[in-house]
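> Just dropping this structure here.
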Amino acid sequence: MEISSKENTQFFSNTTTLPVDRSSFKSESSASKENPPCCGGIKIFLSALSFVYFAKALSGSYLKSTITQIERRFDIPSSLVGVIDGSFEIGNLLIIILVSYFGAKLHRPRIIGAGCLIMSAGTFLIAMPQFFMGRYRYERFPSTINATVSISPCLQDKNQTPLSALEKPQTKMNAGCEKEAGSSMWIYVLLGNLLRGIGETPIQPLGITYIDDYAIEENAALYIGCVQTVAIIGPIFGFLLGSLCAKLYVDIGFVDLDSVTITHKDVQWVGAWWLGYLIAGVISVLAGIPFWFLPKQLPKPESRKDSSTSSEQSKFIIEENKDQHKSYQQQVKIAEMAKFLPSLKNLFGNPVYMLHLCASIIQFNSLIGMVTYKPKYIEQQYGQTSSKTNFVIGLINIPAVAFGIFSGGLIMKKFRINVLGAAKLSLGSSFFGYLLLLSLFAMGCENSDVAGLTVSYHGTKQTTDYEQALFSECNSRCACSKNDWDPICGENGVTYISACLAGCQASNGSGKNTVFFNCSCVGTSKSPSQSSSAVVGPCQKGNECPKMFLYFLVISVITSYTLSVGGTPGYILLLRCIKPHLKSFALGIYTLAIRVLAGIPAPVYFGVAIDTTCLKWGSKRCGGRGACRLYDSSALRYVYLGLTLVLGTVSIFFSVAVLWVLRKRSSPQDETLSANGERGTCGTKSRKDKFISSDRLIQTTYWPEKETRL
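Residue numbers (the UniProt record's numbering): 1 to 710.
Structural data, given as structure tokens:
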């Protein structure tokens, strides 16, 4: 009756009810005006967030592409490079809890914008050492640099040799060491990557929740999928950018490129690694600008205004009721604190969750280690340049991974696979993926023939101590240093560590065109005593190596696709094996465990293992071990692939245990129900009471409605 009377007064009265009418019309008109900004605002936010995802994925993948460049530039071992790579995860973990908890209460778009600025600052910091540590100096004999000075590579008479060609006096070495202190500037790369991790932290939790809060409910999943799709494009451009920068000399713009005596095929070559970080930093700055102009809150869609699932901000107590609800807030906090330990116990008491968590941690250890050092493996195993390696990974491997993830989701949807089927698909993907990886053991290249390291000076396979084997009768009259690394290729197809150790008496030409003559150690197999010539640079790998590289690429792409197919089913399995109200908590524990137990340690111990396969270490100007110059190809293959395969095999055993527990705890009726396709709310409503009669049943049996709650 009250409603009808109000309607009558709206039409027949112009007195006291007029202000009410105006306000109602204002509210209606304002509601109608707010709807377009809602759609437009969320789409603007979606575009900005997609660009941020692209920027962070690009800078992260570019770091992977410059692993070998950083190693050579700062003369550091692979294990230290692994620490630098893992510092991103450390930075992320430092503030993830603070950002996730307090970020939702503050201005989320501006926090994301601030994160982009921090991320760009870290990216710029990584590139800064290039401008402060001086020009890159590689090992080259003086005759290859200056043609006007005639110096015999085989230093028979030390009195006629300039000091620059021999060991430097201690005073000059000390002076050089003070200058070379810049080599410790790799710390700035570590700190920059740490800062990148801190800046990247708010992007995912705050960005995704913002979309989920203000997007139309049926569009939220589509929007999040768009963001994830754009994020996959980032690594493609990151590796392609790494390929481009690897072709440019590190000191481009600072030195005359005609004076550079090495090419991008040389193991001492360092590309313009810093240039890509400047580009990535600028992109991060541009990506953060739109967030400073976006509102703290967007108008909620009409379909979600009366929904029980509201944004986190709407759950806060309004200002006018703040005092009267203060005691209530404290009681809620105490209640939440009391529920934490039981929830943790409940989660860790779930065998499916714990076994899947262990399987994921071990599998991510293998995958992160494999991806981090894949560029190095291709370069060292198949003799490819950094530029070509990054190009291949960016253009072939990354799209295969993206297509695999998409295929996994498509299979799940098309065949309406239940939680048991998801476990089977994830297990099958891992099994066949690592089985394909096993075939890569047969697709390696043999060691290059390097005199004194892999073969003796007489052409036989090397079995003695490497340090002693560098010297032979043919170079005994030469004053050579075992620490030099200035490889030359003899006409007999054998690489020599330096022209001096090859016993070369003369040289002609300069720079890249230098040719050495009368090399006493370079003899043909038919007449070993005959002196021969050699050219600058190492010899190419065997004729079979290019063919093996093609086989490796084909199997690598198929393996990447196969392993990626199981990504989506594994994630769905994680969501469905736990109670609905513990999903957020379980995902948080899962992410934390992956980062702490896989993201940080995997690059480090993979790097340590790879360092054990080094045959020839470089030496720093001030003494001490530098970066590795030559790896044992066979040992590197067995260590790199073997470690990946062992970890993958262990993860498969845990996945089998997950499947066994699911089979044991799921009833035949559940499997029949899912096989018949009764996955909707209507199909499960009548059975819901049977499955949730107790908390224990929710956890230990398959509940079909879990599929509808995603």
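Glycine included, each C-beta is placed from N, C-alpha and C at the ideal position. Just so we're clear, the structure is a prediction, and the values are computed from it rather than from any experiment.
Decide if residue 741 is buried, meaning its Cβ has at least 16 other Cβ atoms within 10 Å, or exposed.
The structure shown does not extend to residue 741, since the chain spans only 1 to 710, so no value can be given for it.
> Tell me whether V515 sits in a helix, a strand or coil according to DSSP, three-state version.
By 1-based counting over the sequence shown, the position of residue 515 is 515. DSSP places V515 in strand when its eight states are reduced to three.
> Could you tell me which uninterrupted beta strand (DSSP E) segments, each at least 3 residues in length, are contained entirely in the stretch 76-130, listed from first to last along the chain?
none
> Classify G624 as buried or exposed, calling it buried when 16 or more other Cβ atoms lie within 10 Å of its own Cβ.
Here residue 624 refers to the residue found at position 624 of the sequence shown. Classification for G624: exposed.
> Within 10 Å of its beta-carbon, does H356 have 16 or more other beta-carbons around it, so buried, or fewer, so exposed?
Looking up residue 356 in the sequence shown gives position 356. Classification for H356: buried.
> Which word fits A442, buried or exposed, when buried means at least 16 other C-beta atoms lie within 10 angstroms of its C-beta?
If you number the sequence shown from 1, residue 442 lands on position 442. So A442 ends up on the exposed side.
> Identify whether Y496 lies in helix, strand or coil by the three-state DSSP scheme.
Indexing the sequence shown from 1 puts residue 496 at position 496. Strand at Y496.
> Between which two residues does the alpha helix (DSSP H) containing Y377 stretch?
What you label residue 377 is simply residue 377 of the sequence shown in a count that begins at 1. Looking at the DSSP string, the run of the alpha helix (DSSP H) that includes Y377 is K374 to Y382.
> Within the same chain, show all residues whose beta-carbon is closer than 7 Å to that of I262, passing over the 5 residues directly before and after it, in chain order.
As a first step, residue 262 is located in the sequence shown; it is residue number 262 there, counting from the start. These residues qualify, in order along the chain: Y138, Q268 and W269.
> Which whole runs of the alpha helix (DSSP H) in the stretch 205-265 are 4 residues long or more, in chain order?
217-247
> In angstroms with no decimal places, state the Cα-to-Cα distance between K512 and V260.
Residue 512 sits at position 512 when you count from the first residue of the sequence shown. Residue 260 sits at position 260 when you count from the first residue of the sequence shown. Taking the straight line joining both Cα atoms gives about 8 Å.
> Out of curiosity, what's the CA-to-CA distance linking S651 and L592?
As a working mapping, residue 651 is identified with position 651 in the sequence shown. As a working mapping, residue 592 is identified with position 592 in the sequence shown. Spanning the two alpha carbons is a distance of roughly 18 Å.
> Which residues in the same chain have their Cβ closer than 7 Å to the Cβ of R196, if we skip the five residues on either side of it in sequence?
What you label residue 196 is simply residue 196 of the sequence shown in a count that begins at 1. Contacts found: S59, F88, G91, M119, G122 and T123.
> Can you grab the Cα-Cα spacing for the pair P301 / H581, in whole Å?
Numbered from 1 along the sequence shown, position 301 holds the residue referred to as residue 301. Numbered from 1 along the sequence shown, position 581 holds the residue referred to as residue 581. Using only the alpha carbons, I get a separation of about 25 Å.
> Within this structure, are the beta carbons of A272 and L248 separated by less than 8 Å?
Along the sequence shown, read from residue 1 onward, the residue named residue 272 stands at position 272. Along the sequence shown, read from residue 1 onward, the residue named residue 248 stands at position 248. Result yes, Cβ atoms of A272 and L248 sit closer than 8 Å.
> Any idea which residues DSSP pairs Y136 with across the strands?
As a position in the sequence shown, residue 136 is number 136, starting the count at 1. Partner(s): none; Y136 has no beta bridge.
> Going by C-alpha distance, which of T66, I208, A534 and F74 is nearest P487?
As a first step, residue 487 is located in the sequence shown; it is residue number 487 there, counting from the start. Here the closest residue by C-alpha is A534.
> Let me know if W660 comes out buried or exposed under the rule of 16 or more other beta-carbons within 10 Å of its beta-carbon.
On the sequence shown, residue 660 is found 660 positions in, with the first residue counted as 1. Per the 10 Å Cβ criterion, exposed.
> Determine, using beta carbons only, whether T612 and P375 come nearer to each other than 8 Å.
Numbered from its first residue, the sequence shown carries residue 612 at position 612. Numbered from its first residue, the sequence shown carries residue 375 at position 375. Result no, Cβ atoms of T612 and P375 do not sit closer than 8 Å.
> Which of the three DSSP states, helix, strand or coil, is assigned to K616?
Mapped onto the sequence shown, residue 616 falls at position 616. In the structure shown, K616 sits in a strand (DSSP, three-state: E or B).
> Less than 8 Å between the beta carbons of S633 and Q381, yes or no?
The count along the sequence shown starts at 1 and reaches residue 633 at position 633. The count along the sequence shown starts at 1 and reaches residue 381 at position 381. Yes.
> Going by DSSP in three states, Q297 sits in which element: helix, strand or coil?
In the sequence shown, residue 297 corresponds to position 297, counting from 1. Note: Q297 maps to coil in three-state DSSP.
> Whole angstroms are fine: how far does the CA of V639 sit from the CA of F585?
Position 585 of the sequence shown, counted from the start, is the residue given in the question as residue 585. Position 639 of the sequence shown, counted from the start, is the residue given in the question as residue 639. C-alpha separation (whole angstroms): 37 Å.
> Could you pull the DSSP bridge partners for S507 from this structure?
Sequence index remark: in the sequence shown, residue 507 carries index 507 (1-based). DSSP lists F516 as partners of S507.
> Less than 8 Å separating the beta-carbons of G115 and G242?
The residue given as residue 115 occupies position 115 in the sequence shown. The residue given as residue 242 occupies position 242 in the sequence shown. Cβ distance not < 8 Å, so G115 and G242 don't count as in contact.
> Can you give me the Cβ contacts of L470 inside the same chain, cut-off strictly under 7 Å, excluding the 5 residues immediately before and after it?
Here residue 470 refers to the residue found at position 470 when the sequence shown is read from its first residue. G452, K482, I497 and L501.
> Which one of W186, G86, N418 and L647 has the shortest CA to CA distance from F132?
As a position in the sequence shown, residue 132 is number 132, starting the count at 1. Comparing Cα-Cα distances from F132 to each of W186, G86, N418 and L647, the minimum goes to W186.
> Quick check on Y605: does DSSP put it in helix, strand or coil?
Here the question's residue 605 lines up with position 605 in the sequence shown. Shown here, Y605 sits in a helix according to DSSP, grouped into three states.
> Decide if G537 is buried, meaning its Cβ has at least 16 other Cβ atoms within 10 Å, or exposed.
By one-based count along the sequence shown, residue 537 stands at place 537. Burial call: buried.
> Run through DSSP, which three-state label would C474 get?
Taking the sequence shown and counting its residues from 1, the one referred to as residue 474 is at position 474. Note: C474 maps to helix in three-state DSSP.
> By alpha-carbon positions, which one of G570, I600 and G383 ends up nearest to D85?
Locating residue 85 in the sequence shown gives position 85, where the first residue counts as 1. The residue with the shortest Cα to Cα distance from D85 is I600.
> Spatial neighbours of N365 within its chain, please: C-beta separation below 6 Å, excluding the five flanking residues on both sides.
Position 365 of the sequence shown, counting from 1, holds the residue named residue 365. Cβ within range, chain order: A598, A602 and L647.
> DSSP three-state label for V419, please.
In the sequence shown, residue 419 corresponds to position 419, counting from 1. If DSSP states are grouped into helix, strand and coil, V419 belongs with the helices.
> Following the continuous alpha helix (DSSP H) through C545, name the residue where it begins and the one where it ends.
As a first step, residue 545 must be located in the sequence shown, where it is residue number 545. Unbroken alpha helix (DSSP H) run through C545: C545 to V565.
> Out of R663, W274 and P153, which has the shortest C-alpha to C-alpha gap to F517?
The residue you call residue 517 lines up with position 517 of the sequence shown. For the residues R663, W274 and P153, the minimum Cα distance to F517 belongs to P153.
> Find out if the Cβ-Cβ distance for the pair G607, V81 is shorter than 8 Å.
Taking the first residue of the sequence shown as 1, we reach residue 607 at position 607. Taking the first residue of the sequence shown as 1, we reach residue 81 at position 81. For G607 and V81, yes; Cβs fall inside 8 Å.
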